[in-house]
Amino acid sequence: MNQINRDFRETCRLADGTDVVIRPILPEDADIEWEFVHGLSAQSRYYRFCAGTRDLTPAMVSYFTHIDFSVHMALIAVIVKPDGKEREIAVGRYFKLDTGNGCEFAIVVDDRYQGLGVGHRLMELLIEDARTKGYAVMEGEVVADNRRMLDFVRELGFRVNRAASEGSLLKVELSLA
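Right, dumping it as structure tokens:
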């Protein structure tokens, strides 16, 4: 696979028959990103942000939607409505760690689309992209009681560190070598 760029598009069909487009997030996606995050359940927000906040600052939305395709990469899955407008149903991202040759990932899927394959496909694409860019390891933190996420990352080959890094967070790690 080539590195993902601004023009990347992939259409896939979810297990329930829903067609989605996976593409990089762009600055012009600020509104759909804001709507997506605010539409998440309290539990999904907590698992993603380790907090239950509903408020996103303009700076946060700007950070989430301004990627550089090397140090910070993010893909979204959208449903294209009949009027051509898009509705975001998932986002996955990684960013370069400050030390070493690794990156950290984060992913969240709208509750209505969890378990249908969109998160798995986003992670496959992000893992492969990070690998082609020469990252040696991908890591993340998962809330210890998020069993679905822990099962999900194990299916992808991540190793779960049983020692909590910060209270209720577990570190997960995947070798990209």
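Numbered per this note's numbering, the sequence shown spans residues 240 to 416. Built from N, CA and C at the ideal position, the CB exists for glycine as well. Quick caveat, the model's predicted, so the values are computed rather than measured.
With a Cβ-Cβ cutoff of 8 Å, do residue i and residue j count as a contact?
i, j, result
"Ala254", "Leu355", "yes"
"Glu327", "Ile271", "yes"
"Val392", "Val376", "no"
"Leu365", "Gly331", "yes"
With residue i and residue j assumed to form a contact (beta carbons below 8 Å), what rounded beta-carbon distance in angstroms separates them?
i, j, result
"Cys289", "Val382", "7 Å"
"Tyr352", "Phe344", "The Cβ separation is near 18 Å, so there is no contact."
"Gly323", "Glu378", "The pair is not a contact, with the Cβ atoms about 38 Å apart (cut-off 8 Å)."
"Phe247", "Arg262", "6 Å"
"Ile264", "Phe308", "With 8 Å as the limit, Ile264 and Phe308 do not qualify as a contact, their Cβ atoms being about 11 Å apart."
"Tyr286", "Asn400", "Tyr286 to Asn400, Cβ: 18 Å. No contact."
Please report the straight-line C-alpha distance between residue i and residue j, rounded to a whole angstrom.
i, j, result
"His305", "Trp273", "14 Å"
"Asp349", "Ser407", "23 Å"
"Leu409", "Arg398", "10 Å"
"Leu415", "Gly256", "31 Å"
"Leu279", "Ala316", "15 Å"
"Ile243", "Glu249", "11 Å"
"Met299", "Pro266", "12 Å"
"Pro297", "His277", "13 Å"
"Ser283", "Leu413", "23 Å"
"Leu336", "Arg387", "25 Å"
Under the rule that 16 or more other beta-carbon atoms within 10 Å means buried, what is residue i, buried or exposed?
i, result
"Val319", "exposed"
"Gly358", "buried"
"Glu394", "exposed"
"Arg360", "buried"
"Ala329", "buried"
"Gly396", "exposed"
"Ala281", "exposed"
Quick one: any contact between the stretch 303-315 and the stretch 355-371, if contact means 3 or more CB pairs under 8 Å?
-> yes
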